[in-house]
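J.: From first to last, the protein sequence lines are chains E, W and R.
Position 348 (the first sequence) corresponds to 348 in the working numbering; numbering is contiguous.
Position 317 (the second sequence) corresponds to 317 in the working numbering; numbering is contiguous.
Position 37 (the third sequence) corresponds to 37 in the working numbering; numbering is contiguous.
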Amino acid sequence: MKKIIALVLAVLMVATCAATLSSCKKDSGTIKIGLSGPLTGPAASYGIAVANSAQLAVDEINAAGGLNGIKFELLPTDDAHDASKVATNYAAMEAKGMQVALGCVTSGPCLEFAKLSKDANLFFLTPSASANDVVKENNAYQMCFADGNQGTYAANYVKSLYEANTLGKLGILYKSDDNYSTGLYEQFMATIPTALKDAAVVATFTGDEATVDFTSQVTQLQECTFIFMPIYYTPAAAFMSKAVGKVANSATYYGCDGFDGIDTSVEGFDITAIPQKVSMLSHFNSSATTGKAADYIKAYKAKYPNAPLNQFGASAYDCVYALYYAMKTAIDAGKEITADISATDLCEILKEQFNGGFTYTGSVTGTGTVKWASTGFVEKDAVAYVIKEAN
Amino acid sequence: MSARLAVFFKNPFWRRYGNYLAVLAVAVVFGALSVSGVATSATQYLLEKIAIAVILAVSLCMVVGFLGELSLGHAGFMCVGAYAGGKIASLLVEALGGNQNSIVVLLLSLLVGGIVAALFGFIIGLPALRLRGDYLAIVTLAFGEIVRSVVMNVPAKLFGGTLGLETPRFNKKYLFIIALIMVIACLAVAQNLMRSKHGRAIVSIKDNEIAARATGIDVTKYKLFVFTVSSFFAGIAGVLYSYSNYRLQSANFDYNYSIEILVMVVLGGMGSINGSMIAAALITFLNVKLQTTLTGNLAVLQNFFYAIILIIIVIYKNAPGLKTFREKYNMNVLLSKLKARLKKQPAPVSADAKEDAENE
Amino acid sequence: MNFITALINGLSAGGTYAIIALGYTMVYGIAKMLNFAHGDIIMVGGYAMYLTLLAAGHPVLALIAAIVCCVVLGVLVERFAYKPLRGASPLAVLITAIGVSFLLQSVAQIAFGTSPKMLSALKINGFISVGTLKIDYSTLVTLAVTVLVMVGLTVFVKYSKTGRAMVAVSEDRDAALLMGINTNAIIAVTFAIGSALAAVACYLMLTKGSSVTATFGAMPGIKAFTAAVIGGIGSIPGAMLGGILLGVVESISLSIPALAPYTDAVEFAILIVILLVKPAGLLGKMRREKV
């Protein structure tokens, strides 16, 4: 037994030593963009859409000649929506020469990424990690709306309906173990008038969102005429199809950007079978048929016909292009960006850009132009989409 | 030369202190590499993870291997320790002006985390240890899930809610050294306990509880004692875990994590501390390697390979039908054959190999 | 009124748990192993229905295909992953079961991707109104199927030769072997029945509108395991009782806003309390250990 122990330990040590020494290798020639997201596990739909869309943008940019000849390269890693895996991914991407990043796809892991990148002074622009604290440091920027801001927008909209006396009975459905959902919910509740808050019916669910059976929640909310649902499209679709005939047909389902994809990404769900009005306040609409968004959707579907398509992906596509144009603007302004620029140097250049009023035009999300506040929050227009009118 | 070496290693000293020295050697060698700036952060993270996994595996080994009780809630005790220690650490760090690398704070929170976890171990163990095998397993599993759910849903001011608790992150250059020292402490407790008369009492409970009771051993007291000590070290591992991340997320401490620790103990041969250590190190290493090698579109293969490797190893190591195969092709026999071929002598079956075959 | 609705919803959720728990409990009773891969058999059943619906498009056909698929898979898993370990430590079998669970989940993600599949064709819409109560047809179907399964299984175990052999094997495997019972065959049959029940449970879940993903079976699996233990693992009526009880507790807890986020904790707390009062579960037999 001793021998086996000794042998195994020796092998392990040699292996780690090898890892220690071999990881400094860095092949130059491309600017490397790091990304950590859930490519496996229950949140994989979101991570895969991001990885695919970012790759699509990278491929398009490279096919068009890159950044003045410098090609981009995406380093997609899997964190399975687990923050404790992020450091390992970060180290691995760093060893491969990551110079700039899209951060993480989901908020929890991205908070870890934010700290790591702060220590290393690496710039990141996250497509979808929407917790307010993600962009607390000055090297971090968001492409999606922060949870707090979205909650406020939604609350203001609901407040306006309430004041115009067209709201009726308010119901809320949120997922109590998800930070996106609770973030929006808490901000929403803090913003709406107290009288409305006290009268609202609140239902919650937890766990794997695809398997939730919404019988209980539908029962709780069936009297409501306006249901605010700060949740993602999969459970939203399940809830709506469960509520047919129970919730009044004249009711409205109202969601935020998590709703996007409800009409396109849930296989087997037919939104036209839902009698109620479905609307959302979002920066992207997966069933868009005009403009840049439609071009992106077409290109994405051509390249990844079976992969999930949602606003996470659209946002990631925008992130890569925003980084590209920011670098291009910097070069035009006389900065020097080479393929082997260090992460810190690139971070300083990009910070200056994003802080100094850089505007990204031609975006897929929002209404075409995207700017950033010095806080790291995105400034673009949210559009109220009516996914489906009441029948 | 090699004969002399063999005699040297036969010394009981090695049997007693070999594993301490191995851990110490790793700590010294990689500590030197790390402090001098040669070791990459990947290595530092890996060693942190390995040290935490080893503490978890050795402490669970005390319950599963020595006491013979199945616990599926080890991650729950770890969670309790992590949140208690992490909360204390973040409060102290804030009060002391933001120095995340204060060793005093670290030691204090290790102590607090360990004690709180031990307390929970005691409270859960008191009634639960009366239950029979698989029922104990489900109660511990349930405990872990309750802890996870409660920590996540209490007001965010307390434990950070769904976004998790922000905790100090100790300098990665040194944290794994401290974690490895905690491994040695854990080893010392587990090993000395098992080599004492109490250890023999504990093993007798596993072998035959009724007979043990008949010889006057206070079964309940021993069970509770082992369970509490094991929870204490799970708590220690939890605090180290909280110190190795910027943010604690209770979602990580689900029953799958408990099961992963159990896998380490089972693959390590159940009753063997060294086996648990090696299995913990190897499984952690394997997981990290799978995570960093299979990226992008290949990420989906991580669990696939992990599962295949797991099934093959368990069947190979445990299947009664493969016993003759194992005896014919185990590492010792192959090694001695190799040695014999090098020396051009017929292969002797070494005493060591025989002993190994008996052990298995 | 709310309470009555919660109760009825709970009966429906509990029925599904009960049917899954039956699979757990039978396998445990006979093979003495915790089959952690049982939940993933449910998931495979879901994908089998998905494929059948794509090809043939009939719900009944889909159910039959899922049952066949699950039975074949259950027996294969038993043959290749568990049978080699018969006689080894129960923990080794437990670990293999977990390995099988991971394997099935990753294969499902490789084969079907990550997008959830909602099988609208299986969904049973509509409800009947009793006063102000609205009871889903799917709830009624679930309750009917649950009762049917329970009665069928009880009759099978009590009166058929195979069923009685199963009881014999679960009581004492060695003695059963000596009496000329082919224990290996009985264990395989048990896995087949458990897997078939998993397919039925999957069908019931889909009639309520759940979507199939690679992790579809994980949570129902663990809940059903809890239910089986509450009722007394190894006991068929116990699994039914445990399942229903767990479903009702879950539904009531969800209907109380302050308690709703803690629902999982409440369910597991109930389990602990029950085990502390009745250490072998509600209907489990306490066995005295012989010296």
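Note that CB positions come from ideal geometry on N, CA and C, so glycine has one too.
Just to confirm the assignment, what range does the alpha helix (DSSP H) spanning E/Ala51 have?
T.: As a working note, residue 51 of chain E is residue 51 in the first sequence. Residues 44-63.
J.: Ignore the nearest five residues each way along the sequence and tell me which others in E/Val50's own chain have a CB closer than 8 Å to its CB.
T.: Reading the first sequence from its first residue, position 50 is the one you call residue 50 of chain E. For E/Val50, where only same-chain residues beyond five positions count, the Cβ hits under 8 Å are Leu35, Gly37, Leu102, Val105, Pro127, Ser128, Phe312, Gly313, Ser315, Ala316.
J.: Can you give me the Cβ contacts of W/Arg247 inside the same chain, cut-off strictly under 6 Å, excluding the 5 residues immediately before and after it?
T.: Here residue 247 of chain W refers to the residue found at position 247 of the second sequence. So the list reads Gly164, Glu166, once near-sequence residues are dropped.
J.: Closest to R/Cys202 by C-alpha separation, out of R/Gly23, R/Leu34, R/Ala6, R/Gly10, would be which residue?
T.: As a first step, residue 202 of chain R is located in the third sequence; it is residue number 202 there, counting from the start. Of the listed residues, the one whose Cα sits closest to R/Cys202 is R/Gly23.
J.: What span of residues does the beta strand (DSSP E) with E/Asp260 cover, start to end?
T.: Indexing the first sequence from 1 puts residue 260 of chain E at position 260. For E/Asp260, there is no enclosing beta strand (DSSP E), as DSSP marks it with neither H nor E.
J.: Helix, strand or coil, according to DSSP, for W/Val219 in the structure here?
T.: For the purposes of this step, residue 219 of chain W is identified with residue 219 of the second sequence, where counting begins at 1. Three-state result, W/Val219: helix.
J.: Put W/Gly271 into one of helix, strand or coil per three-state DSSP.
T.: As a position in the second sequence, residue 271 of chain W is number 271, starting the count at 1. Three-state result, W/Gly271: coil.
J.: List the residues that DSSP assigns as beta-bridge partners of E/Ala384.
T.: As a working note, residue 384 of chain E is residue 384 in the first sequence. For E/Ala384, which the question treats as bridged, DSSP gives the partners E/Leu281.
J.: Is the segment 145-163 of chain W in contact with the segment 208-217 of chain W, if contact means three or more CB pairs nearer than 8 Å?
T.: no
J.: Where does W/Phe13 fall in DSSP's three states?
T.: To locate residue 13 of chain W, count along the second sequence from 1; it is residue 13. Looking at W/Phe13 - three-state DSSP - the assignment turns out to be helix.
J.: Does chain E have any CB closer than 8 Å to the CB of W/Glu358?
T.: On the second sequence, position 358 is the one that residue 358 of chain W refers to. Per-residue confidence for W/Glu358 stands at a pLDDT of 41, beneath the threshold of 50, marking its modelled position as unreliable; the derived number appears in the next sentence. No, W/Glu358 lies away from the interface with chain E (no Cβ there is under 8 Å from its Cβ).
J.: Please report the residue range of the alpha helix (DSSP H) in which E/Pro235 lies.
T.: Here residue 235 of chain E refers to the residue found at position 235 when the first sequence is read from its first residue. Where E/Pro235 is concerned, the enclosing alpha helix (DSSP H) stretches over 233-243.
J.: Going along chain R in order, which residues have a C-beta closer than 7 Å to the C-beta of W/Glu327?
T.: For this step, residue 327 of chain W is matched to residue 327 along the second sequence. The contacting residues do not exist; W/Glu327 stays about 16 Å from chain R at best.
J.: For R/Asp193, which residues from the same chain have a beta carbon less than 7 Å from its beta carbon, with the 5 sequence-adjacent residues on both sides left out?
T.: The residue you call residue 193 of chain R lines up with position 193 of the third sequence. Residue identity differs from the one stated: residue 193 of chain R is Ile in this sequence, not Asp. Met26, listed in sequence order.
J.: Give the DSSP-derived three-state secondary structure of E/Glu336 in the structure shown.
T.: The residue labelled residue 336 of chain E in the question sits at position 336 within the first sequence. Correct three-state label for E/Glu336: coil.
J.: Which whole-angstrom value describes the C-beta separation of E/Ala343 and E/Leu122, a residue pair presumed to lie in contact below a C-beta threshold of 8 Å?
T.: Within the first sequence, the letter at position 343 stands for residue 343 of chain E. Within the first sequence, the letter at position 122 stands for residue 122 of chain E. Contact holds; Cβ gap of about 5 Å.
J.: Assuming contact is defined by CB atoms lying nearer than 8 Å, are R/Gly29 and R/Gly234 in contact in what I supplied?
T.: By 1-based counting over the third sequence, the position of residue 29 of chain R is 29. By 1-based counting over the third sequence, the position of residue 234 of chain R is 234. By the CB criterion at 8 Å, R/Gly29 and R/Gly234 fall inside the cutoff.
J.: Taking buried to mean at least 16 other C-beta atoms within 10 Å of its own C-beta, is W/Leu47 buried or exposed?
T.: For this step, residue 47 of chain W is matched to residue 47 along the second sequence. Looking at its Cβ environment, which holds 16 or more other Cβ atoms inside 10 Å, W/Leu47 is buried.
J.: Would you call the segment 177-192 of chain W and the segment 47-61 of chain W touching, i.e. three or more CB-CB distances under 8 Å?
T.: yes
J.: Tell me whether the beta-carbon of E/Ile274 lies closer than 8 Å to the beta-carbon of E/Lys388.
T.: Taking the first sequence and counting its residues from 1, the one referred to as residue 274 of chain E is at position 274. Taking the first sequence and counting its residues from 1, the one referred to as residue 388 of chain E is at position 388. In this structure, E/Lys388 lies closer than 8 Å to E/Ile274 by Cβ.
J.: Are at least three pairs of beta-carbons, each pair with one atom in the segment 127-147 of chain E and one in the segment 156-164 of chain E, less than 8 Å apart?
T.: no
J.: Note down the Cα distance separating E/Val100 from W/Asn303, rounded to an integer number of angstroms.
T.: Taking the first sequence and counting its residues from 1, one reaches residue 100 of chain E at position 100. Taking the second sequence and counting its residues from 1, one reaches residue 303 of chain W at position 303. Going from the Cα of E/Val100 to the Cα of W/Asn303 covers about 29 Å.
J.: Which same chain residues end up closer than 6 Å to W/Ala237 when comparing Cβ atoms and leaving out the 5 residues on each side of it in sequence?
T.: Mapped onto the second sequence, residue 237 of chain W falls at position 237. Within the same chain, W/Ala237 has close Cβ partners Ile52, Ile55, Leu56, Met78.
J.: Quick check on R/Ala88: does DSSP put it in helix, strand or coil?
T.: Translated into positions along the third sequence, residue 88 of chain R becomes position 88. In the three-state reduction of the DSSP assignment, R/Ala88 falls in the coil class, being assigned neither a helical nor a strand state.
J.: Can you pull the chain R neighbours of W/Tyr135, defined as C-beta to C-beta under 9 Å?
T.: Within the second sequence, the letter at position 135 stands for residue 135 of chain W. Residues of chain R passing the Cβ test: Val229, Ile233, Leu275, Pro279, Ala280, Gly281, Gly284.
J.: Is the distance from the Cβ of W/Gln100 to the Cβ of W/Phe30 below 8 Å?
T.: If you number the second sequence from 1, residue 100 of chain W lands on position 100. If you number the second sequence from 1, residue 30 of chain W lands on position 30. No, the pair does not count as a contact, with Cβ atoms beyond the cut-off.
J.: Establish whether the CB of E/Ala307 and some CB of chain R are separated by less than 8 Å.
T.: The count along the first sequence starts at 1 and reaches residue 307 of chain E at position 307. So yes, E/Ala307 belongs to the interface.
J.: Under a three-way DSSP split, which group does E/Ser23 fall into?
T.: As a first step, residue 23 of chain E must be located in the first sequence, where it is residue number 23. Unreliable placement is indicated for E/Ser23, whose pLDDT of 43 sits below 50; no coordinate value is reported for it.
J.: Rounded to a whole number of angstroms, what is the C-alpha to C-alpha distance between W/Leu110 and R/Gly74?
T.: Stepping through the second sequence from its first residue, residue 110 of chain W is reached at position 110. Stepping through the third sequence from its first residue, residue 74 of chain R is reached at position 74. Approximately 46 Å between the Cα atoms of the pair.
J.: Please report how far the alpha carbon of R/Ser89 lies from the alpha carbon of W/Lys343, in whole angstroms.
T.: Start at 1 with the first residue of the third sequence, and residue 89 of chain R comes out as number 89. Start at 1 with the first residue of the second sequence, and residue 343 of chain W comes out as number 343. Looking at the two C-alpha atoms, the distance is approximately 40 Å.
J.: Say whether chain W places a C-beta atom closer than 8 Å to the C-beta of R/Ser115.
T.: Reading the third sequence from its first residue, position 115 is the one you call residue 115 of chain R. Answer no: the Cβ-Cβ gap between R/Ser115 and chain W never drops below 8 Å.
J.: Can you list, in chain order, the residues of its chain whose CB lies under 6 Å from that of R/Leu292, leaving out five sequence neighbours each side?
T.: Since the first residue of chain R shown is 1 and the last is 291, residue 292 of chain R is not available in this structure.
J.: Would R/Val254 pass as an interface residue toward chain W - the criterion being a Cβ-Cβ separation below 8 Å?
T.: Here residue 254 of chain R refers to the residue found at position 254 when the third sequence is read from its first residue. First, the amino acid is wrong: residue 254 of chain R is Leu here, not Val. Not an interface residue.
J.: Helix, strand or coil for R/Ala144, going by three-state DSSP, please let me know.
T.: As a working note, residue 144 of chain R is residue 144 in the third sequence. Looking at R/Ala144 - three-state DSSP - the assignment turns out to be helix.
J.: Can you tell me the Cα-Cα spacing of E/Ser22 and E/Gly97, whole angstroms?
T.: The residue labelled residue 22 of chain E in the question sits at position 22 within the first sequence. The residue labelled residue 97 of chain E in the question sits at position 97 within the first sequence. In this prediction, E/Ser22 scores a pLDDT of 44, lower than 50, which makes its location untrustworthy; the coordinate-derived value is nonetheless stated afterwards. Between E/Ser22 and E/Gly97, the C-alpha separation is close to 13 Å.
J.: Could you please give me the residues that DSSP links to E/Tyr174 through a beta bridge?
T.: Translated into the one-based positions of the first sequence, residue 174 of chain E becomes position 174. E/Thr204.
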